[in-house]
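So the structure is just underneath, and the comments pick up after that.
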Amino acid sequence: MTRLQAHDLTLGYADRTVSAGLSLAVPDRAFTAIVGANACGKSTMLRALVRLLQPRAGRVELDGTDVRRLRPRAVARELGFLPQGLVPPEGIRVEALVRRGRYPHQSLLAAWTPDDQGAVDAAMVAAGVEELAERQVEELSGGQAQRVWIAMVLAQETPYLLLDEPTTFLDIAHQYELLRLLARLRDEGRTVVAVLHDINQACRFADHVVAMKAGRVVAEGAPSDVVDAALVEEVFGLTCAVVPDPVAGTPMVVPH
Amino acid sequence: MSVLPAGPTTRREPVVCVLIALATLAVAFVALCQGATWTTPGETLAGLLGRGDQSFVITQWRSPQVAAGVVFGIALGLAGAVFQNLTRNPLGSPDVIGLDAGAWTGALLVVAFAGGTAGQVAGGAVTTATATALVIYLLSLKQGFSGLRLIVIGIAVNAMLTAVSSWIVLRAELEVAIAGTAWSAGSLNGLDWDEVAWPFAVVGVLAAVLAGQSRALHQAALGDAVAVTTGVRLGVHRFVLVVAGVGATATVTAAAGPIVFVALAAPQIGRRLTGSAGVPLLPAALTGALLLVTADLVAQVVTRPVPLPVGVVTTAVGGLYLIWLLVKEVKR
Numbered sequence: 611m612t613r614l615q616a617h618d619l620t621l622g623y624a625d626r627t628v629s630a631g632l633s634l635a636v637p638d639r640a641f642t643a644i645v646g647a648n649a650c651g652k653s654t655m656l657r658a659l660v661r662l663l664q665p666r667a668g669r670v671e672l673d674g675t676d677v678r679r680l681r682p683r684a685v686a687r688e689l690g691f692l693p694q695g696l697v698p699p700e701g702i703r704v705e706a707l708v709r710r711g712r713y714p715h716q717s718l719l720a721a722w723t724p725d726d727q728g729a730v731d732a733a734m735v736a737a738g739v740e741e742l743a744e745r746q747v748e749e750l751s752g753g754q755a756q757r758v759w760i761a762m763v764l765a766q767e768t769p770y771l772l773l774d775e776p777t778t779f780l781d782i783a784h785q786y787e788l789l790r791l792l793a794r795l796r797d798e799g800r801t802v803v804a805v806l807h808d809i810n811q812a813c814r815f816a817d818h819v820v821a822m823k824a825g826r827v828v829a830e831g832a833p834s835d836v837v838d839a840a841l842v843e844e845v846f847g848l849t850c851a852v853v854p855d856p857v858a859g860t861p862m863v864v865p866h
Numbered sequence: 057m058s059v060l061p062a063g064p065t066t067r068r069e070p071v072v073c074v075l076i077a078l079a080t081l082a083v084a085f086v087a088l089c090q091g092a093t094w095t096t097p098g099e100t101l102a103g104l105l106g107r108g109d110q111s112f113v114i115t116q117w118r119s120p121q122v123a124a125g126v127v128f129g130i131a132l133g134l135a136g137a138v139f140q141n142l143t144r145n146p147l148g149s150p151d152v153i154g155l156d157a158g159a160w161t162g163a164l165l166v167v168a169f170a171g172g173t174a175g176q177v178a179g180g181a182v183t184t185a186t187a188t189a190l191v192i193y194l195l196s197l198k199q200g201f202s203g204l205r206l207i208v209i210g211i212a213v214n215a216m217l218t219a220v221s222s223w224i225v226l227r228a229e230l231e232v233a234i235a236g237t238a239w240s241a242g243s244l245n246g247l248d249w250d251e252v253a254w255p256f257a258v259v260g261v262l263a264a265v266l267a268g269q270s271r272a273l274h275q276a277a278l279g280d281a282v283a284v285t286t287g288v289r290l291g292v293h294r295f296v297l298v299v300a301g302v303g304a305t306a307t308v309t310a311a312a313g314p315i316v317f318v319a320l321a322a323p324q325i326g327r328r329l330t331g332s333a334g335v336p337l338l339p340a341a342l343t344g345a346l347l348l349v350t351a352d353l354v355a356q357v358v359t360r361p362v363p364l365p366v367g368v369v370t371t372a373v374g375g376l377y378l379i380w381l382l383v384k385e386v387k388r
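Taken in order, these protein sequences are the chains called A and B. Quick note on our numbering: the first sequence kicks off at 611 and runs consecutively. Quick note on our numbering: the second sequence kicks off at 57 and runs consecutively.
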């Protein structure tokens, strides 16, 4: 079953077309990694999936309905998104920022409910930032700040989590910590879609890999089925050997 | 800044907001006592309740001016917070980007060439302020919206409109020129209830509209992507903000002339006092009221018995603040 699907999208900015005829079915309750060279249209596709970019043609459907025809708050209770390059408002504290994730669940006059607080507390624990609750976000390290933003998206309590290069600017230990968190969220029943730079990490953590080149999907499937030397050569223009990862047994790219 | 417990901002902000409101009321009361002559607090209270021989002076002369200080201060604080949020820059306030000047030019045009009832002046101010906002926005649109570009263009437009206003005053009939010059600094002196009734109503409506946008405003401060994907209708939100911000600026300018620097300073002072994240509306509104009432009280006192226009005081104090802010922003 796939609730979230893109049909025949044409995507672009101003006079530049990034993708044409792009289709994708996001597997439910799985971890999907989108990989590809720089500027291949990964982020653009993700932005179209979460309604940030209006497709010139085609449509993104959730449960068979065009997301453009759903109320924004209704979509926001289904699809949580973590963009790149976030800047926190000046002077905001961690818990206050995480609370902002509750926006789609609140109405104009409704008070803050125990459900809201419960979601915020659980999100901070899941992201490992509960100790930082009273700290100013600007004072945190890059890795800590990234986890705070993830907590904000988790507080949104969406079945879907879409993340645009969430590991950028994190050191290697924090990268793996984050990927394990995403895998755990998948295990708890969420659908995770992440644009990842590192194909080895994608193979190791994702159930489903989508490889893109020049705005098209060139291969998708389980990492062990689709990731081989020919694909890496085609997508990244890199000659390499693909060997089993000595720890996880998943495909591992070793450049020549 | 640790006078209050450094608990969640949700606790400190309301407390400080109440304190600012109380301070505003206190200054407003002193301003009611202080006209051309000093009336004791006891007599002033009695006068407010309709007793004593000072009653007429206090309820009909001083009250409308003090009330205008509070309400117009709220309007200017809100307008400043709106545009600082839209441009994501503490310099992005209506007085800096030329909206006050635009509204003022429109008001002058109506007075000089169309006779000018209060309604016509207001209409002229709103029309030219809106046109100014539109021109600045369109000029700053090159390859997407940029708050900083909008501010720089706004500063240039501000200078041009100020020149146009001077030209209108020079070309106008003598009495229009005298009235225009006295008014051009922004003044609350001599306002009566008839003159402030409709601006108060407009400010009340705009404040209510903005209160409804408050949560979306907080959300938009997280960036466009997060705002949209958490359910904010960003286009509608921005449109409402611009309309309300231009409306508040034009309303105050039509009634009292261009009172500058309150909109620039109030949101930043308010957010620092309350320890708030981003630039929230309520602290900006309350701080705007406190600043304008205080500035007007100073304007009544420094050159007694002849009162100054309040705009002279806000310009003098605000000019120093602007220099400090520019130095800080350039260093960043």
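Positions of the beta carbon are idealized from the N, C-alpha and C atoms, including for glycine. From a predicted model like this one, the values you see are computed outputs, not experimental measurements.
DSSP beta-bridge partners of T627 (chain A)
The count along the first sequence starts at 1 and reaches residue 627 (chain A) at position 17. DSSP output for T627 (chain A) lists A:G622 as bridge partner(s).
Using the Cβ count rule (16 or more neighbours within 10 Å means buried), how would you classify F295 (chain B)?
Indexing the second sequence from 1 puts residue 295 (chain B) at position 239. Exposed: under 16 other Cβ atoms inside 10 Å.
Drop a sphere of 10 angstroms on the beta-carbon of G408 (chain B), count the other beta-carbons inside from all chains shown, and report buried for 16 or more, exposed for fewer.
Look at the range of chain B in this structure, 57 to 388, and you will see that residue 408 (chain B) is not part of it.
CB of D618 (chain A) to nearest heavy atom of the ligand FAD: below 7 Å?
Ligands in the displayed structure: none, and consequently the ligand FAD is not present.
Confirm, please, whether the CB-CB distance from F139 (chain B) to A312 (chain B) is below 8 Å.
Stepping through the second sequence from its first residue, residue 312 (chain B) is reached at position 256. Stepping through the second sequence from its first residue, residue 139 (chain B) is reached at position 83. Against a cut-off of 8 Å, the Cβ pair of F139 (chain B) and A312 (chain B) comes out as no contact.
For G799 (chain A), I'd like the list of residues in its chain whose CB is within less than 7 Å of its CB, leaving aside the five on either flank, ordered along the chain.
Sequence index remark: in the first sequence, residue 799 (chain A) carries index 189 (1-based). Same-chain partners within the cutoff: R639.
How many Å lie between S301 (chain B) and G268 (chain B) at the Cα?
Position 245 of the second sequence, counted from the start, is the residue given in the question as residue 301 (chain B). Position 212 of the second sequence, counted from the start, is the residue given in the question as residue 268 (chain B). The sequence given here places Gly at residue 301 (chain B); Ser does not occur at that position. Roughly 14 Å between the two C-alpha positions.
Using C-beta distances below 8 Å, list every residue in its chain close to A233 (chain B), excluding the 5 sequence neighbours before and after it, in chain order.
By one-based count along the second sequence, residue 233 (chain B) stands at place 177. Correct list, in chain order: V225 and L226.
Report the rounded CA-to-CA distance for A765 (chain A) versus D726 (chain A), giving the unit in angstroms.
Numbered from 1 along the first sequence, position 155 holds the residue referred to as residue 765 (chain A). Numbered from 1 along the first sequence, position 116 holds the residue referred to as residue 726 (chain A). For A765 (chain A) and D726 (chain A), the distance between alpha carbons rounds to 8 Å.
If we cut at 8 Å on Cβ distances, does R289 (chain B) have a partner in chain A?
Locating residue 289 (chain B) in the second sequence gives position 233, counting from the first residue. R289 (chain B) counts as touching chain A.
Thinking just about the alpha-carbon of each residue, which of B:I207, B:V152, B:G236 and B:I192 is nearest to the one in G171 (chain B)?
Residue 171 (chain B) sits at position 115 when you count from the first residue of the second sequence. For the residues B:I207, B:V152, B:G236 and B:I192, the minimum Cα distance to G171 (chain B) belongs to B:G236.
Span separating the alpha-carbon of L696 (chain A) from that of L772 (chain A):
Position 86 of the first sequence holds residue 696 (chain A). Position 162 of the first sequence holds residue 772 (chain A). Roughly 15 Å separates the two Cα atoms.
Hey, which unbroken runs of the alpha helix (DSSP H) at 4 residues or more fall wholly within the segment 312 to 388 of chain B?
318 to 330, 337 to 357 and 366 to 387
Examine the Cβ distances between the segment 332 to 346 of chain B and the segment 75 to 87 of chain B and report whether three or more of them are shorter than 8 Å.
yes
Can the beta-carbon of V373 (chain B) be found closer than 8 Å to that of V83 (chain B)?
Here residue 373 (chain B) corresponds to residue number 317 of the second sequence, with the count starting at 1. Here residue 83 (chain B) corresponds to residue number 27 of the second sequence, with the count starting at 1. No, the pair does not count as a contact, with Cβ atoms beyond the cut-off.
Going by Cα to Cα distance, which pick from B:S332, B:V368 and B:W380 is closest to P70 (chain B)?
Here residue 70 (chain B) corresponds to residue number 14 of the second sequence, with the count starting at 1. If we check each option's Cα against that of P70 (chain B), B:S332 comes out closest.
Of all the CB atoms in chain A, is at least one closer than 8 Å to the CB of G158 (chain B)?
Position 102 of the second sequence, counted from the first residue, corresponds to residue 158 (chain B). Chain A, which has no Cβ nearer than 8 Å to the Cβ of G158 (chain B), makes this no.
Euclidean distance between Cα positions of V166 (chain B) and T96 (chain B):
As a working mapping, residue 166 (chain B) is identified with position 110 in the second sequence. As a working mapping, residue 96 (chain B) is identified with position 40 in the second sequence. Each residue's Cα considered, the two are about 42 Å apart.
Tell me W94 (chain B)'s beta-bridge partners as DSSP assigns them.
Looking up residue 94 (chain B) in the second sequence gives position 38. Looking at the DSSP assignment, W94 (chain B) forms a beta bridge with B:Q90.
Any idea what DSSP makes of F256 (chain B), helix, strand or coil?
In the second sequence, residue 256 (chain B) corresponds to position 200, counting from 1. Helix, per DSSP.
Taking 8 Å as the threshold (C-beta atoms), are R661 (chain A) and E628 (chain A) in contact?
Counted from its first residue, the first sequence places residue 628 (chain A) at position 18. Counted from its first residue, the first sequence places residue 661 (chain A) at position 51. The amino acid at residue 628 (chain A) is misidentified as Glu; the sequence shows Val. Not a contact, by the Cβ cut-off of 8 Å.
In the DSSP assignment, find the beta strand (DSSP E) that holds V127 (chain B) and state where it starts and stops.
Sequence index remark: in the second sequence, residue 127 (chain B) carries index 71 (1-based). That residue, V127 (chain B), is in no beta strand (DSSP E); its alpha helix (DSSP H) goes S119 to T143.
Among B:L320, B:V126 and B:I130, whose alpha-carbon lies nearest the alpha-carbon of S149 (chain B)?
Residue 149 (chain B) sits at position 93 when you count from the first residue of the second sequence. Of the listed residues, the one whose Cα sits closest to S149 (chain B) is B:L320.
Is the segment 649 to 666 of chain A in contact with the segment 256 to 276 of chain B, if contact means three or more CB pairs nearer than 8 Å?
no
CA-to-CA distance, A241 (chain B) to A364 (chain B), given in whole angstroms
Taking the second sequence and counting its residues from 1, one reaches residue 364 (chain B) at position 308. Taking the second sequence and counting its residues from 1, one reaches residue 241 (chain B) at position 185. Checking the displayed sequence, the identity of residue 364 (chain B) turns out to be Leu instead of Ala. So the alpha carbons of these two residues sit roughly 9 Å apart.
Under the three-state reduction of DSSP, which class applies to L663 (chain A): helix, strand or coil?
On the first sequence, residue 663 (chain A) is found 53 positions in, with the first residue counted as 1. Three-state result, L663 (chain A): coil.
How would you call N648 (chain A), buried or exposed, if buried means at least 16 neighbouring beta carbons within 10 angstroms?
One-based indexing of the first sequence puts residue 648 (chain A) at position 38. That one is exposed.
Just curious, the beta strand (DSSP E) that C850 (chain A) is in, first and last residue?
Your numbering for residue 850 (chain A) matches position 240 in the first sequence. That run of the beta strand (DSSP E) goes C850 to P854.
DSSP state of Q615 (chain A), grouped into three classes?
If you number the first sequence from 1, residue 615 (chain A) lands on position 5. Strand, per DSSP.
Any idea what DSSP makes of L680 (chain A), helix, strand or coil?
Against the first sequence, residue 680 (chain A) aligns to sequence position 70. L680 (chain A) falls in the coil class under three-state DSSP.
By Cβ distance, which residues of its chain are closer than 7 Å to S202 (chain B), with the 5 residues on each side in sequence left out?
Here residue 202 (chain B) refers to the residue found at position 146 when the second sequence is read from its first residue. The residues are S196.
Can you pull the chain B neighbours of A686 (chain A), defined as C-beta to C-beta under 7 Å?
For the purposes of this step, residue 686 (chain A) is identified with residue 76 of the first sequence, where counting begins at 1. Ordered by position in chain B, the residues that pass the 7 Å Cβ test against A686 (chain A) are T285, T286 and G287.
If you follow the beta strand (DSSP E) that E830 (chain A) is part of, which residue opens it and which one closes it?
Counted from its first residue, the first sequence places residue 830 (chain A) at position 220. Where E830 (chain A) is concerned, the enclosing beta strand (DSSP E) stretches over R826 to G831.
By the 10 Å Cβ neighbour count, where 16 or more other Cβ atoms means buried, how is M822 (chain A) classified, buried or exposed?
Along the first sequence, one-based indexing puts residue 822 (chain A) at 212. It is buried - the Cβ of M822 (chain A) has at least 16 other Cβ atoms within 10 Å.
Can you pull the chain B neighbours of V660 (chain A), defined as C-beta to C-beta under 9 Å?
Taking the first residue of the first sequence as 1, we reach residue 660 (chain A) at position 50. Result: A281, V284 and T285.
State yes or no: is the beta carbon of S332 (chain B) nearer than 8 Å to at least one beta carbon in chain A?
Translated into positions along the second sequence, residue 332 (chain B) becomes position 276. Yes, contact with chain A.
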